[in-house]
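Participant: In my numbering, the protein residues as written are 306 to 994. Glycine is no exception: its CB is placed at the ideal position from the N, C-alpha and C atoms. Quick caveat: nothing in here was measured; it's all calculated off a predicted structure. Take a look at the following structure, please.
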């Protein structure tokens with residue numbers, strides 16, 4: 306009978322106490338950290354099903370953990386249905402039933418994870434049975450996130466120990482083989498695998514045949530997981546630790562929880578301020594805020610979406626409802642449809658005071674028309690046909706002669722001193738500019754990405770537009786572009802004065818291109834391949850650091866990874882708090898520097914987090930809607946309220962110690978009339994008078 310792996314770890318020179326510079330193993334039985342035979346899970350589909358782009362900026366409970374496990378990656382429809390619980394010979398098994406295409410395997414792997422981020426030295430044991438000898442199957446350990454961990458398993462006819470650490474090139478994971486040996490096994494048969502980690506020493510045993518050893522200190526702690534690129538069944542998973550290692554883990558976890566309790570206790574609680582019903586005309590993340598009736602308070606526009614297919618490529622505004630925060634409906638345009646409550650893209654509508662009379666107009670596209678309507682009544686003031694669909698680009702063929710309108714942005718292209726010019730874009734290919742009288746100014750073809758950002762780059766009183774991978778002048782000329790040398794598309798782009806006294810720089814969360822920072826002449830200063838990066842926000846998240854910090858979140862193939870960057874664009878932290886996307890909006894919760902950001906309204910997974918990823922404010926368990934959120938100062942005390950909603954209700958949370966008076970932190974943000982599900986949010990420091 307072979308000795309336990311922990312005994313081998315203690316006996317081999319590779320794991321000797323002298324080499325580690327640490328005390329030897331403590332006596333006592335190993336402590337069980339995890340022992341799961343999947344028997345408590347309901348047989349059938351474990352994966353959340355097809356969730357798609359909804360989870361980029363909606364919280365879906367289907368993505369939350371079940372039992373000890375959570376699905377860590379998905380990309381295609383197949384990989385979203387990959388994991389299921391099956392029964393064989395009266396025992397439960399976890400099955401990964403998906404065969405990943407070769408291209409997909411270079412950027413992500415189906416993965417199911419469990420455990421605690423503070424696990425450090427432990428032993429993992431399981432059995433797994435790949436259905437084919439092709440592809441990669443096994444376990445991950447010391448998992449920081451699905452782009453940073455170790456792997457032990459089989460790849461074809463070889464047993465391997467690998468390190469996975471972020472990206473090397475476009476859509477490519479950086480996977481380093483630490484040790485490998487030929488290994489003979491049969492498809493469909495179970496392979497017994499035991500992995501042990503202690504300090505920088507890694508060891509994996511494959512049955513009675515192969516032992517792999519390596520040293521690497523990149524990941525000192527982390528969770529465990531199951532992974533495979535081909536259909537594979539996994540048997541019982543057991544994780545144990547020596548008593549000393551288990552005590553260190555318990556101490557780290559207790560300290561982490563105590564730190565969170567201290568942060569939460571130091572902050573005002575969330576308390577409900579308003580509750581509105583939106584039955585029949587409610588929607589997902591598609592609210593706009595503006596003073597529609599001129600009473601000095603923000604009102605709400607609720608926009609339903611009509612998808613003409615396929616997917617979300619041809620979508621437009623449906624019913625539009627204007628209501629006050631007291632729940633009074635001002636007007637409604639179009640027929641409400643309770644089934645039009647979901648969306649996975651922008652549609653063109655905003656609330657903005659175009660004429661400067663103190664009341665916002667409703668500006669929107671519908672029925673192939675660009676419309677300006679009176680904000681208090683919905684009465685149409687003026688309208689024009691939307692532009693004809695341009696010919697000659699690579700867009701999917703449209704069933705409509707004119708564009709439906711993807712999003713709207715307001716800026717100052719003519720130097721009037723006011724954001725009275727209208728920028729309209731289609732999904733990915735073209736941009737048009739109009740005056741507030743709906744007179745055309747110019748149009749330009751380029752890769753638009755999702756949403757532009759207006760900034761007066763040259764100081765001439767007229768805005769330039771950061772659009773996709775390009776910078777466009779106020780007159781529509783493309784000043785520079787990276788369309789030819791960068792792939793995919795810009796998910797979020799902004800021009801930011803990161804450091805006081807230094808020139809502003811361009812920030813681009815560029816989907817599968819990762820993230821890059823460029824000067825305003827277009828020279829890329831820093832380009833980081835970190836997976837599918839999106840939804841950036843920049844604010845003073847770390848008052849202890851100079852300048853402003855940026856936080857992003859990943860999706861598509863590596864959802865939920867959060868990265869933090871300092872004012873120079875250098876990453877200083879990353880973690881994976883949940884398995885969904887987020888708008889990552891900054892929150893001025895205390896009225897002091899040191900903003901927070903919101904992950905989601907979920908009681909268990911969401912909350913307000915600081916610049917190190919520590920949760921500082923929790924959402925109360927009071928039955929609030931948790932599908933969507935937004936952040937606005939609605940009470941007027943400079944501090945932000947949190948708006949949460951679903952298709953049926955809108956709730957507004959404020960601080961338990963409010964309202965406050967006196968000199969308070971009052972950052973300058975993206976204006977409410979330039980709202981998008983893909984915006985890059987910038988929060989510049991400022992103070993009330």
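1. So the beta strand (DSSP E) residue 488 belongs to, where does it begin and stop?
2. Taking only three categories from DSSP, how would you classify residue 960?
3. Starting from the C-beta of residue 829, find all residues in its chain whose C-beta is less than 8 Å away, skip the five residues before and the five after it, and write them out in chain order.
4. Closest to residue 740 by C-alpha separation, out of 723, 880 and 651, would be which residue?
5. Near residue 528, what residues of its chain come up, given a Cβ to Cβ distance below 7 Å and the 5 sequence neighbours on each side ignored?
6. Pick helix, strand or coil for residue 565, following the three-state DSSP scheme.
7. How many Å lie between residue 355 and residue 368 at the Cα?
8. State the beta-bridge partners of residue 393 as determined by DSSP.
9. Kindly provide the ranges of any beta strand (DSSP E) runs that are 3 or more residues long and lie completely inside the region 948-992, ordered along the chain.
10. Taking the alpha helix (DSSP H) that residue 789 falls in, what are its first and last residues?
11. Return helix, strand or coil for residue 276, following the three-state DSSP convention.
12. Please classify residue 790 as buried or exposed, where buried requires at least 16 neighbouring CB atoms within 10 angstroms.
13. Compute the Euclidean distance between the alpha carbons of residue 435 and residue 549, then round it to the nearest angstrom.
14. For residue 798 and residue 706, what's the separation of their Cα atoms in angstroms?
15. I want to know whether the region 649-659 touches the region 582-599 - three or more CB-CB distances under 8 Å.
16. Measure the alpha-carbon distance for residue 689 versus residue 384 and round it to whole angstroms.
17. What are the start and end residues of each continuous alpha helix (DSSP H) run of 4 or more residues lying completely inside the region 331-410, in chain order?
18. Who are the near neighbours of residue 346 in its chain, counting only those whose CB is closer than 6 Å to its CB and skipping five residues on each side?
19. In three-state DSSP terms, what is residue 757?
20. So what does DSSP say about residue 553, is it helix, strand or coil?
21. I'd like to confirm the pairing. Which residues does DSSP put opposite residue 913 in its beta bridges?
22. Measuring straight from C-alpha to C-alpha, what distance separates residue 353 and residue 862?
23. Write down the C-beta distance between residue 587 and residue 652 rounded to the nearest angstrom, noting that I regard them as a contact closer than 8 Å.
24. Classify residue 547: buried if its beta carbon has 16 or more other beta carbons within 10 angstroms, exposed otherwise.
25. Following a CB-centred definition, is residue 587 positioned closer than 8 Å to any heavy atom of the ligand FAD?
26. Provide the residue(s) that pair with residue 770 in DSSP beta bridges, ordered along the chain.
27. Rounded to whole angstroms, how far is the Cβ of residue 892 from the Cβ of residue 947, which I believe are closer than 8 Å?
28. Taking the continuous beta strand (DSSP E) assigned at residue 692, which residues delimit it?
29. Quick check on the burial criterion: 16 or more other C-beta atoms within 10 angstroms. Buried or exposed for residue 482?
30. Below 8 Å on the Cβ atoms is my guess for residue 832 versus residue 816; work out the distance and round it to an integer in Å.
31. With 16 as the cutoff for other CB atoms within 10 Å, does residue 684 come out buried or exposed?
32. Can you name the start and end residues of the beta strand (DSSP E) that residue 575 belongs to?
33. Go ahead and pull the three-state DSSP assignment for residue 548.
34. How many Å lie between residue 524 and residue 508 at the Cα?
35. Where do the ends of the beta strand (DSSP E) carrying residue 539 lie?
36. In whole angstroms, what is the alpha-carbon distance linking residue 339 and residue 545?
Facilitator: The structure says:
1. Counting from one through the chain shown, the residue named residue 488 turns up at place 183. Per DSSP, residue 488 belongs to no beta strand (DSSP E) and is neither H nor E.
2. Against the chain shown, residue 960 aligns to sequence position 655. Correct three-state label for residue 960: strand.
3. What you label residue 829 is simply residue 524 of the chain shown in a count that begins at 1. 787, 821, 822 and 823, listed in sequence order.
4. Sequence index remark: in the chain shown, residue 740 carries index 435 (1-based). It is 723.
5. The residue given as residue 528 occupies position 223 in the chain shown. So the qualifying residues of the chain are 418, 419, 420, 421, 422, 424 and 448.
6. Here residue 565 is taken as the residue at index 260 of the chain shown, counted from 1. Note: residue 565 maps to helix in three-state DSSP.
7. As a first step, residue 355 is located in the chain shown; it is residue number 50 there, counting from the start. As a first step, residue 368 is located in the chain shown; it is residue number 63 there, counting from the start. Residue 355 and residue 368: Cα-Cα distance of roughly 11 Å.
8. Working through the chain shown from its first residue, we reach residue 393 at position 88. Paired residues: 396.
9. 954-960 and 986-989
10. Position 484 of the chain shown, counting from 1, holds the residue named residue 789. Run containing residue 789: none; DSSP gives neither H nor E here.
11. With the chain covering 306 to 994 only, the question about residue 276 has no answer from this structure.
12. Translated into positions along the chain shown, residue 790 becomes position 485. Flag for residue 790 reads exposed.
13. Within the chain shown, the letter at position 130 stands for residue 435. Within the chain shown, the letter at position 244 stands for residue 549. Straight-line Cα distance between these residues: approximately 35 Å.
14. Taking the first residue of the chain shown as 1, we reach residue 798 at position 493. Taking the first residue of the chain shown as 1, we reach residue 706 at position 401. Approximately 30 Å, taken between the alpha carbons.
15. yes
16. Along the chain shown, read from residue 1 onward, the residue named residue 689 stands at position 384. Along the chain shown, read from residue 1 onward, the residue named residue 384 stands at position 79. Taking the straight line joining both Cα atoms gives about 44 Å.
17. 382-385 and 407-410
18. As a working mapping, residue 346 is identified with position 41 in the chain shown. These residues qualify, in order along the chain: 372 and 390.
19. Here residue 757 refers to the residue found at position 452 when the chain shown is read from its first residue. Reduced to three states, the DSSP call for residue 757 is coil.
20. Taking the first residue of the chain shown as position 1, residue 553 is located at position 248. Here residue 553 sits in helix by DSSP.
21. As a first step, residue 913 must be located in the chain shown, where it is residue number 608. Bridge partners of residue 913: 903 and 922.
22. As a first step, residue 353 must be located in the chain shown, where it is residue number 48. As a first step, residue 862 must be located in the chain shown, where it is residue number 557. Taking the straight line from one Cα to the other gives about 14 Å.
23. As a first step, residue 587 must be located in the chain shown, where it is residue number 282. As a first step, residue 652 must be located in the chain shown, where it is residue number 347. In fact, because the Cβ distance is near 15 Å, the residues do not count as touching under 8 Å.
24. Translated into the one-based positions of the chain shown, residue 547 becomes position 242. The residue in question, residue 547, is buried, as its Cβ has 16 or more Cβ neighbours within 10 Å.
25. Looking at this structure, you won't find the ligand FAD or any other ligand, since it has none at all.
26. Here residue 770 refers to the residue found at position 465 of the chain shown. For residue 770, which the question treats as bridged, DSSP gives the partners 759 and 777.
27. Here residue 892 refers to the residue found at position 587 of the chain shown. Here residue 947 refers to the residue found at position 642 of the chain shown. That belief holds up - the Cβ atoms of residue 892 and residue 947 are roughly 7 Å apart, short of 8 Å.
28. Here residue 692 refers to the residue found at position 387 of the chain shown. Note, residue 692: premise wrong, no beta strand (DSSP E); not H, not E.
29. Walking along the chain shown from the start, residue 482 turns up at place 177. That one is exposed.
30. Translated into positions along the chain shown, residue 832 becomes position 527. Translated into positions along the chain shown, residue 816 becomes position 511. Going by Cβ atoms, the distance from residue 832 to residue 816 rounds to 13 Å, so no, they are not a contact pair.
31. Numbered from 1 along the chain shown, position 379 holds the residue referred to as residue 684. Answer is exposed; the Cβ neighbour count stays below 16.
32. Along the chain shown, one-based indexing puts residue 575 at 270. That run of the beta strand (DSSP E) goes 575-582.
33. Within the chain shown, numbered from 1, the residue matching residue 548 stands at position 243. Residue 548 falls in the helix class under three-state DSSP.
34. Sequence index remark: in the chain shown, residue 524 carries index 219 (1-based). Sequence index remark: in the chain shown, residue 508 carries index 203 (1-based). Using only the alpha carbons, I get a separation of about 14 Å.
35. Your numbering for residue 539 matches position 234 in the chain shown. First-last of the beta strand (DSSP E) with residue 539: 537-539.
36. Residue 339 sits at position 34 when you count from the first residue of the chain shown. Residue 545 sits at position 240 when you count from the first residue of the chain shown. Approximately 7 Å, taken between the alpha carbons.
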